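If you read the protein sequences in the order shown, they are chains A and B. Residues in the first sequence are numbered from 1 upward in steps of one, following this note's numbering. Residues in the second sequence are numbered from 1001 upward in steps of one, following this note's numbering. Down below is the structure, laid out as structure tokens.
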Amino acid sequence: GAVVSQHPSWVICKSGTSVKIECRSLDFQATTMFWYRQFPKQSLMLMATSNEGSKATYEQGVEKDKFLINHASLTLSTLTVTSAHPEDSSFYICSASWSGHEQFFGPGTRLTVL
Amino acid sequence: GENVEQHPSTLSVQEGDSAVIKCTYSDSASNYFPWYKQELGKRPQLIIDIRSNVGEKKDQRIAVTLNKTAKHFSLHITETQPEDSAVYFCAAGKRVNNNDMRFGAGTRLTVKP
Chain A
1 GAVVSQHPSW
11 VICKSGTSVK
21 IECRSLDFQA
31 TTMFWYRQFP
41 KQSLMLMATS
51 NEGSKATYEQ
61 GVEKDKFLIN
71 HASLTLSTLT
81 VTSAHPEDSS
91 FYICSASWSG
101 HEQFFGPGTR
111 LTVL
Chain B
1001 GENVEQHPST
1011 LSVQEGDSAV
1021 IKCTYSDSAS
1031 NYFPWYKQEL
1041 GKRPQLIIDI
1051 RSNVGEKKDQ
1061 RIAVTLNKTA
1071 KHFSLHITET
1081 QPEDSAVYFC
1091 AAGKRVNNND
1101 MRFGAGTRLT
1111 VKP
């Protein structure tokens, strides 16, 4: 199947700093990428959907100025958590797909904000 | 938008028994229903999916059924094995663009040897 990578796999940062997470589709061109947040023992909560070359569509309740998403190419999307706070600590997972196909998930990034 | 409910939240079975996980959805326009398995610390992996033009699909020990009238679908695992232990997520949406895919809350399946 298609392969999606994420970097970094884990990150620890100080409160108030910004963190960038990369999501890459390694062997296919992803017209759409998704960003999810997953709390321990909970489901995947969709944060935003991004289509290559256009602005991301954010889910209700997700602050677009705090979670900046860029999908500059068909193989790369980035999520930047700006001015991170401890409550932003979570597991962030991206997925990628192209029209008519399933979503392929990345391995996730565990963010810990001190 | 789509809303997916999943039951039970936890399920424990003895090795060799069957396990059934049920989901309901709200948007009658949804036509694609995937199931994902997520092992501890790993990414969700698609294990089976079904489209709205069929009522049942089977792949070895795993089967999924869909009732479009009632808007519910189920995952059936037969002859369970310890390696089936994981969290299972159902999802519902429209296949074409995936933009409105929504996931259920997940079911933690434990298979006791």
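In this text, a Cβ means the ideal position worked out from N, Cα and C, and glycines have one as well. Computed from a prediction, not measured in an experiment: that's the story for all the values here.
Chain-ordered chain A contacts of residue i [CB-CB under 9 Å]
i	result
Ala1092(B)	By Cβ distance, chain A contributes nothing, its closest Cβ being about 13 Å from Ala1092(B), past 9 Å.
Val1105(B)	Residue 1105(B) is actually Ala in this sequence, not Val. By Cβ distance, chain A contributes Gln42, Ser43.
Asp1049(B)	Glu102
According to DSSP, residues forming a beta bridge with residue i
i	result
Lys1058(B)	Ala1063(B)
Ser5(A)	Arg24(A)
Asn51(A)	Thr32(A)
Gln38(A)	Leu44(A), Phe91(A)
Glu1005(B)	Thr1024(B)
His10(A)	The residue asked about is misnamed: residue 10(A) is Trp in this sequence, not His. In DSSP, Trp10(A) forms a bridge with Arg110(A).
Ile1047(B)	For Ile1047(B), which the question treats as bridged, DSSP gives no partner whatsoever.
Asn70(A)	Thr78(A)
Lys1094(B)	Beta-bridge pairing links Lys1094(B) to no other residue.
Ala1086(B)	Leu1109(B)
Ala97(A)	Note on identity: in this sequence residue 97(A) is Ser, with Ala being the wrong assignment. Thr32(A).
Closer than 7 Å at the beta carbon, the chain A residues around residue i
i	result
Phe1089(B)	Ser43, Leu44
Chain-ordered chain B contacts of residue i [CB-CB under 8 Å]
i	result
Pro107(A)	Lys1042, Arg1043
Whole-angstrom C-beta distance between residue j and residue i, which should lie under 8 Å
i	j	result
Asp1100(B)	Glu1002(B)	6 Å
Leu2(A)	Phe104(A)	Checking the displayed sequence, the identity of residue 2(A) turns out to be Ala instead of Leu. Contact holds; Cβ gap of about 4 Å.
> Along the region 1030–1045 of chain B, what residues have a CB closer than 9 Å to any CB found in chain A?
Replying inline: Tyr1032, Pro1034, Tyr1036, Gln1038, Gly1041, Lys1042, Arg1043, Pro1044, Gln1045
> Between the region 69–95 of chain A and chain B, which residues of the former have a C-beta closer than 9 Å to a C-beta of the latter?
Replying inline: Ile93, Ser95
> Should the region 1010–1030 of chain B be regarded as contacting the region 10–29 of chain A, the criterion being three or more beta carbon pairs within less than 8 Å?
Replying inline: no
> Would the region 3–18 of chain A and the region 69–88 of chain A be scored as touching if the rule is three or more Cβ pairs under 8 Å?
Replying inline: yes
> Any chance the region 33–42 of chain A sits against the region 93–110 of chain A, with 3 or more Cβ pairs inside 8 Å?
Replying inline: yes
>> Using a Cβ distance threshold of 8 Å, determine whether the region 96–112 of chain A contacts the region 1062–1069 of chain B, with at least three qualifying pairs required.
In response: no
>> With a threshold of 8 Å, are at least 3 pairs of Cβ atoms found where one atom belongs to the region 51–65 of chain A and the other to the region 3–14 of chain A?
In response: no
> Should the region 1017–1029 of chain B be regarded as contacting the region 1038–1046 of chain B, the criterion being three or more beta carbon pairs within less than 8 Å?
Replying inline: no
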